[in-house]
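Trainee: Below is the structure I would like to discuss, written out as structure tokens.
There are 2 protein chains.
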Amino acid sequence: MTPQVNENRTDVIDLENKIRSANLRPTRQRISLAKLLFSEGNRHITAEKLHGEALGKGVKISLATIYNNLHQFTTAGLLREVVVDASKSYFDTNVEPHHHFFHEDRGLLEDISSHRLTVDDIPNLPEGTEISSIDVIVRLTKRK
Amino acid sequence: MTPQVNENRTDVIDLENKIRSANLRPTRQRISLAKLLFSEGNRHITAEKLHGEALGKGVKISLATIYNNLHQFTTAGLLREVVVDASKSYFDTNVEPHHHFFHEDRGLLEDISSHRLTVDDIPNLPEGTEISSIDVIVRLTKRK
DNA sequence: CAACAGATTAGAACACTTCTAAAGAAGAAA
DNA sequence: TTTCTTCTTTAGAAGTGTTCTAATCTGTTG
Ligand SMILES: [Mn+2]
Ligand SMILES: [Mn+2]
Ligand SMILES: [Zn+2]
Ligand SMILES: [Zn+2]
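Top line first, the protein sequences correspond to chains Z and P.
If you're matching positions, the first sequence starts at 1 in the working numbering and goes up one per residue.
If you're matching positions, the second sequence starts at 145 in the working numbering and goes up one per residue.
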């Protein structure tokens, strides 16, 4: 199955370029993380979960490296951080402006396109400030 | 100045009733906290800041008691918890539905009435869920 | 290759929060 | 009032997610 192999090769090269475009060296650890984060659809994931996933797939990587890279990817605009829980950070591979459903019971995030949900009538901003972002979280529980 | 004294007496009695209405005993610590939290306008405050404030006013109270009571007040509907920072919790004395400006540099919250800011076109909810709350955070930075 | 800057790592440290279990205080009953 | 019960407070230990440290390792450039 050469096509399979070629596809994988190409994928890795794309990921390496993505990493290089952030001025970062494509190390074994970064490539593995990029594969987990970016190779299929959008993800919302915490550092510890990602670490567990990596170890589960046999990728040897320390938790410090997970944090280092999540922050570096975030700084480079490859990820964004979503604040929904006062005790842990979620990283989002969708960096377009958008909003979220948050399933409180499962600790799970789901995107809401900002074309669908809109925020209206934002009041005048306090003097000397500008908007850095607008976050809408629709918190969900099980229907009773 | 008897009026002063009477006013204070009445305030404390109101606070004691507020505490009793939550099925909690009006202890010295609870009355002091209620005074700090509820006696002038709406507040957004963290546990450690409130602890510092109490100590600063000579109220002897442990941090554990601050946390215990913030949670008890929240459960009783006297406070709500606002998630804006992945590393600490803010408690809000305004329990009406409303939204927030968050001054990221100063770690400071400011209310936006939900009459002024509205969220439109919330998409259909995922199967089997219902909305528990909708939080809008308008994050602000210093204007450059 | 050599040389260097950047990256990874284990484990310590940190900040915030929760837990534990013992002592203290409030309210009800008598 | 005194007694009894239940609730509350507390110091400090423990827990949790995250960041730091400083030694080692690896990618890149010449
Ligand atoms: Mn962070
Ligand atoms: Mn809490
Ligand atoms: Zn998202
Ligand atoms: Zn508020």
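Ideal Cβ placement from N, Cα and C applies to all residues, glycine included.
Just so we're clear, the structure is a prediction, and the values are computed from it rather than from any experiment.
In the DSSP output, what is residue 252 of chain P paired with across the bridge?
Mentor: The count along the second sequence starts at 1 and reaches residue 252 of chain P at position 108. Note: residue 252 of chain P sits in a beta bridge opposite P:247.
Trainee: So what does DSSP say about residue 43 of chain Z, is it helix, strand or coil?
Mentor: In the first sequence, residue 43 of chain Z corresponds to position 43, counting from 1. Note: residue 43 of chain Z maps to coil in three-state DSSP.
Trainee: Among P:278, P:217, P:261 and P:206, which has the Cα closest to the Cα of residue 121 of chain Z?
Mentor: Here residue 121 of chain Z refers to the residue found at position 121 of the first sequence. Residue P:261 is the option with its Cα nearest to residue 121 of chain Z.
Trainee: Which residues are close to ligand 4, meaning CB closer than 5 Å to any heavy atom, in chain order?
Mentor: P:236, P:238 and P:255
Trainee: Output the boundary residues of the beta strand (DSSP E) element that contains residue 80 of chain Z.
Mentor: If you number the first sequence from 1, residue 80 of chain Z lands on position 80. Here the beta strand (DSSP E) through residue 80 of chain Z covers 80 to 82.
Trainee: Using a Cβ distance threshold of 8 Å, determine whether the segment 28 to 46 of chain Z contacts the segment 94 to 114 of chain Z, with at least three qualifying pairs required.
Mentor: yes
Trainee: Return no unless some Cβ of chain P is closer than 8 Å to the Cβ of residue 98 of chain Z.
Mentor: Numbered from its first residue, the first sequence carries residue 98 of chain Z at position 98. So, not an interface residue.
Trainee: If we define contact as Cβ-Cβ less than 8 Å, is residue 238 of chain P a contact residue for chain Z?
Mentor: Here residue 238 of chain P refers to the residue found at position 94 of the second sequence. Output row for residue 238 of chain P: interface = no.
Trainee: Please state the DSSP three-state secondary structure of residue 144 of chain Z.
Mentor: Looking up residue 144 of chain Z in the first sequence gives position 144. When secondary structure is reduced to three states using DSSP, residue 144 of chain Z falls in the coil class, being assigned neither helix nor strand.
Trainee: Which of the residues in the segment 260 to 278 of chain P, read from start to end, lie with their CB under 8 Å from any CB of chain Z?
Mentor: 260, 261, 262, 263, 264, 265, 266, 267, 269, 270, 272, 273, 274, 275, 276, 277 and 278
Trainee: Alpha carbon to alpha carbon, what distance is there between residue 111 of chain Z and residue 28 of chain Z?
Mentor: Residue 28 of chain Z sits at position 28 when you count from the first residue of the first sequence. Residue 111 of chain Z sits at position 111 when you count from the first residue of the first sequence. In a straight line, the C-alpha of residue 28 of chain Z is about 30 Å away from that of residue 111 of chain Z.
Trainee: Just to confirm, does residue 108 of chain Z get its C-beta within under 7 Å of one of the non-hydrogen atoms of ligand 3?
Mentor: Start at 1 with the first residue of the first sequence, and residue 108 of chain Z comes out as number 108. Residue 108 of chain Z: no, Cβ never under 7 Å from ligand 3.
Trainee: Within its chain, find whatever has a CB closer than 6 Å to the CB of residue 247 of chain P; leave out the 5 residues flanking it on each side and keep chain order.
Mentor: Looking up residue 247 of chain P in the second sequence gives position 103. Excluding positions up to five away in sequence, the list reads 284.
Trainee: Could you check if residue 103 of chain Z belongs to the surroundings of ligand 3, using beta carbon to heavy atom distance under 7 Å?
Mentor: What you label residue 103 of chain Z is simply residue 103 of the first sequence in a count that begins at 1. Between ligand 3 and residue 103 of chain Z, a heavy atom-to-CB distance of less than 7 Å is absent.
Trainee: List the residues of chain Z whose Cβ lies closer than 8 Å to the Cβ of residue 284 of chain P, in chain order.
Mentor: What you label residue 284 of chain P is simply residue 140 of the second sequence in a count that begins at 1. Those are 125, 126, 129, 130, 131 and 132, listed as they occur along chain Z.
Trainee: Since residue 213 of chain P and residue 177 of chain P should fall inside the 8 Å C-beta cutoff, what is the C-beta to C-beta distance between them, to a whole number of angstroms?
Mentor: On the second sequence, position 69 is the one that residue 213 of chain P refers to. On the second sequence, position 33 is the one that residue 177 of chain P refers to. Their Cβ separation, rounded to whole angstroms, is 5 Å, which keeps residue 213 of chain P and residue 177 of chain P in contact under 8 Å.
Trainee: Using a 10 Å radius around the Cβ and a threshold of 16 neighbouring Cβ atoms, would you call residue 115 of chain Z buried or exposed?
Mentor: In the first sequence, the residue the question calls residue 115 of chain Z occupies position 115. When all chains shown are included, residue 115 of chain Z counts as exposed.
Trainee: Residue 181 of chain P and residue 237 of chain P - do their beta-carbons sit closer together than 8 Å?
Mentor: In the second sequence, residue 237 of chain P corresponds to position 93, counting from 1. In the second sequence, residue 181 of chain P corresponds to position 37, counting from 1. Going by C-beta atoms, residue 237 of chain P is nearer than 8 Å to residue 181 of chain P.
Trainee: Taking 8 Å as the CB-CB limit, is residue 254 of chain P close to chain Z?
Mentor: Position 110 of the second sequence, counted from the first residue, corresponds to residue 254 of chain P. For residue 254 of chain P, the answer is yes, since a Cβ of chain Z falls inside 8 Å of its Cβ.
Trainee: Kindly indicate which three-state DSSP category residue 150 of chain P falls into: helix, strand or coil?
Mentor: Your numbering for residue 150 of chain P matches position 6 in the second sequence. Because the pLDDT at residue 150 of chain P is just 49, under 50, the model does not fix this residue reliably, and the value given afterwards should be weighed accordingly. Residue 150 of chain P: helix per DSSP, three-state reduction.
Trainee: From residue 95 of chain Z to residue 123 of chain Z, what does the alpha carbon distance come to, in whole angstroms?
Mentor: Looking up residue 95 of chain Z in the first sequence gives position 95. Looking up residue 123 of chain Z in the first sequence gives position 123. Near 25 Å, if we compare the C-alpha coordinates of residue 123 of chain Z and residue 95 of chain Z.
Trainee: Under the DSSP definition of a beta bridge, which residues are partnered with residue 133 of chain Z?
Mentor: Position 133 of the first sequence holds residue 133 of chain Z. Partner(s): P:283.
Trainee: What residue range is occupied by the uninterrupted alpha helix (DSSP H) comprising residue 65 of chain Z?
Mentor: On the first sequence, position 65 is the one that residue 65 of chain Z refers to. Counting along the chain, the alpha helix (DSSP H) containing residue 65 of chain Z begins and ends at 63 to 75.
Trainee: Verify whether the separation of the beta carbon atoms of residue 66 of chain Z and residue 79 of chain Z is less than 8 Å.
Mentor: For the purposes of this step, residue 66 of chain Z is taken as residue 66 along the first sequence, with counting starting at 1. For the purposes of this step, residue 79 of chain Z is taken as residue 79 along the first sequence, with counting starting at 1. No, they are not a contact pair.
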